[in-house]
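In what follows, a single structure is set out as structure tokens and then discussed.
2 protein chains.
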Amino acid sequence: MSTPGRGLHGHVLESLGPAIAAGEYPPGSVLRTDELAQRFDVSRSVMREAVRVLESMHLVESRRRVGVTVRPKAEWNVYDPQVIRWRLAGADRPQQLRSLTVLRSAIEPVAAGLAAKYATADQCAELTECALGMVAHSRGHQLEGYLIHDVAFHRVILNASGNEMFARLGDVVAEVLAGRTHHEVMFEDPDPAAVTLHVQVAEAVRAGDAVRAEHLTREITVGALQELDILAP
Amino acid sequence: MSTPGRGLHGHVLESLGPAIAAGEYPPGSVLRTDELAQRFDVSRSVMREAVRVLESMHLVESRRRVGVTVRPKAEWNVYDPQVIRWRLAGADRPQQLRSLTVLRSAIEPVAAGLAAKYATADQCAELTECALGMVAHSRGHQLEGYLIHDVAFHRVILNASGNEMFARLGDVVAEVLAGRTHHEVMFEDPDPAAVTLHVQVAEAVRAGDAVRAEHLTREITVGALQELDILAP
DNA sequence: CGGGATCAAAAAGTCAGACTTATTTGTCAC
DNA sequence: GTGACAAATAAGTCTGACTTTTTGATCCCG
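Written as structure tokens, this is what we have:
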């Protein structure tokens, strides 16, 4: 999506990264650089660069006389967009989508509250535009058009929060929303209640009503949690 | 803290990474691999590995015939623990601490609510132990002892939430709390109200009262925001 | 039989040099 | 001015030799 396999080492990463992220190599598995270089038909230099990148993501650890060992999932840099993409592309997809949705449910309401305080006039306008776009595509199986505006809406909220950490979650939210539309069962038009909520959030942000924007966004994320059957007994 | 400069390329990273993270090279600055290799007195192979790591963090972009260009801060992988550490070590420290504290204020209350539902008996016991440790070190300038138990407390909450994304923020929270104790003005004993809140959170989690755990934790994070003068007009 | 020192093998780490390739920039003709 | 072509440049790649660390086995001695 953003960083295709640029260069040979990138090509290797796109093959090896998803495999590790999918758990094909159990934690503690040992790989050898030379063997990998042969397998992917690249020089050791290239293979070493790829291993360095995997190491920086905490997916593997390289030690002398031992080799390249796969680290347990609990140590991975799970916020690395590349790792997230790799996990979403493999067997870990369901769990990844669930944990990301819970993350969204924590972040987005707070971000919306901040956006109500700090959003610029341009951002307010863009937000309203997105909400109207969602309304326009909410009926008649225009799921792709709806998705585009939905993603844009949440990106604007996260950016307008003024918090750099929130802003960088835009890509993650985009992946979750896209995943929901493309992979999960989504034959019907989006829930009208959700569409209304987005419009109301845009209004609240424009009005500078932080409490209301946060509350409404929380309702949106609760809906997202319910879609994945993440509920409290 | 966790990954000291292992190997030559790690040594280079520990020097170059903080410099870039501190903004010493404005976005768009162009570095050349050969020149860097000379400057750090390493071979090009080693320098290339270091550049690859910086590239995977989205701190720089390497392009043929151009060189290694520094990317704008908005594109950095700001959730990479290494990047966070580098930024905390440099001129960006205040802004980084603020944005991380806002992040905490979004995540931790939700995590505490989930912990109330999913915490094991062991985790509840550990939580109580941490809270008691905080009480024990809350008076008489035992800041270091207090910090240790404070960090452990929040780690347990994040782990007990059962969400892998939350769990991986333990290190970040530890950095923030340590930073507050060590760098900011912290001559006095911790706020007694905050200590009480931690004890109450432990109780709520043990009792399985998610709403109460979330609400109490929100009070704790509001206090943290106030310490940094992050308030709403 | 146990324990510590020593030694050998294994794999990553490092370096140097030659070569390839893509990209930019400048130039020249049209 | 515009288009094509050529030169310069810096990253990218490969190879081979060498070093260093770590492990694990062996051997000697108590």
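Residue numbers (our numbering), protein chains in the order written: chain A, 1202 to 1434; chain B, 1202 to 1434.
Cβ atoms here follow ideal geometry from the backbone N, Cα and C, with glycine treated the same way.
Source: prediction; values computed, not measured.
{"Query": "Neighbour list for A:S1306 in chain B, Cβ cutoff strictly below 9 Å", "Result": "V1311"}
{"Query": "Contact set for B:P1434: own chain, Cβ-Cβ below 8 Å, skip 5 residues either direction", "Result": "Unreliable positioning characterises B:P1434 in this predicted model, as indicated by a pLDDT of 35, which lies under 50. A coordinate reading is not provided."}
{"Query": "Beta-carbon contacts of A:H1342 that lie in its chain and below 7 Å, excluding the five residues immediately before and after", "Result": "D1390"}
{"Query": "Neighbour flag for B:S1244 against chain A, beta carbons, 8 Å", "Result": "no"}
{"Query": "Interface residues of the segment 1267 to 1287 of chain B facing chain A [CB-CB below 9 Å]", "Result": "K1274, A1275, E1276, W1277, N1278, V1279, Y1280, D1281, P1282, Q1283"}
{"Query": "Whole-angstrom distance between A:H1338 and B:V1352, CA atom to CA atom", "Result": "47 Å"}
{"Query": "DSSP bridge partner residues for A:E1262 (one or two, in chain order)", "Result": "A:T1270"}
{"Query": "Pairwise C-alpha distance: B:A1317 and B:A1414", "Result": "7 Å"}
{"Query": "Beta bridge counterpart(s) of B:L1232 as assigned by DSSP", "Result": "B:V1269"}
{"Query": "Residues near B:F1241 by beta carbon distance below 6 Å, same chain, minus five either side", "Result": "V1213"}
{"Query": "Three-state class that DSSP yields for B:A1320 in the structure shown", "Result": "coil"}
{"Query": "Chain A contact residues for B:V1303, given Cβ-Cβ distances below 8 Å", "Result": "V1311, L1315, N1364, M1366, F1367"}
{"Query": "Validate contact between the segment 1276 to 1284 of chain B and the segment 1272 to 1283 of chain A using beta carbons, cut 8 Å, 3 pairs", "Result": "yes"}
{"Query": "Host alpha helix (DSSP H) of B:Y1347 (start-end)", "Result": "1344 to 1361"}
{"Query": "C-beta atoms of B:T1302 and B:I1221 nearer than 8 Å", "Result": "no"}
{"Query": "Residue closest to B:R1272, alpha-carbon to alpha-carbon, out of B:R1299, B:Q1401, B:E1225", "Result": "B:E1225"}
{"Query": "For A:T1397 and B:E1186, the rounded distance between their alpha carbons", "Result": "One cannot answer for residue 1186 of chain B here, as it falls past the ends of chain B, which runs 1202 to 1434."}
{"Query": "DSSP-derived helix/strand/coil call for A:E1389", "Result": "coil"}
{"Query": "Residue-chain proximity (B:A1433, chain A), Cβ-Cβ < 8 Å", "Result": "Residue placement at B:A1433 cannot be trusted, given a pLDDT of 46 that sits under 50; what the coordinates show is reported in the next sentence. It does: the Cβ of B:A1433 has a partner Cβ on chain A nearer than 8 Å."}
{"Query": "Sequence-distant residues of the same chain with beta carbon closer than 7 Å to B:Y1347, five excluded per side", "Result": "M1335, H1338, S1339, P1391"}
{"Query": "Chain A within 8 Å of B:M1248, Cβ atoms only", "Result": "no"}
{"Query": "Residue-level contact to chain A via CB, B:S1300, 8 Å cutoff", "Result": "yes"}
{"Query": "Per-residue contacts from B:V1254 into chain A (C-beta, under 7 Å)", "Result": "R1253, V1254, S1257"}
{"Query": "Candidates A:R1264, A:V1247, A:H1210, A:S1257: closest to A:S1230 by CA position", "Result": "A:R1264"}
{"Query": "Span separating the alpha-carbon of A:V1423 from that of B:L1298", "Result": "29 Å"}
{"Query": "Pairwise C-alpha distance: A:T1418 and B:E1262", "Result": "36 Å"}
{"Query": "Amino acids of chain B, ordered along the chain, whose beta-carbon sits closer than 8 Å to that of A:H1210", "Result": "R1253"}
{"Query": "Beta-carbon proximity check, B:L1260 vs B:M1248, cutoff 8 Å", "Result": "no"}
{"Query": "Alpha carbon of B:Q1239 to alpha carbon of A:V1243, nearest angstrom", "Result": "26 Å"}
{"Query": "Same chain, Cβ closer than 6 Å to B:R1233, five either side skipped, listed in chain order", "Result": "G1268"}
{"Query": "Simplified DSSP assignment, three categories, for B:P1205", "Result": "coil"}
{"Query": "B:P1282, enclosing alpha helix (DSSP H) - first and last residue", "Result": "1282 to 1289"}
{"Query": "Test item: CB-CB of A:T1329 and A:R1407 under 8 Å", "Result": "yes"}
{"Query": "Element boundaries [alpha helix (DSSP H), containing A:V1247]", "Result": "1245 to 1257"}
{"Query": "Residue interval of the alpha helix (DSSP H) (run including A:A1275)", "Result": "Careful: A:A1275 lies outside any alpha helix (DSSP H) and carries neither H nor E."}
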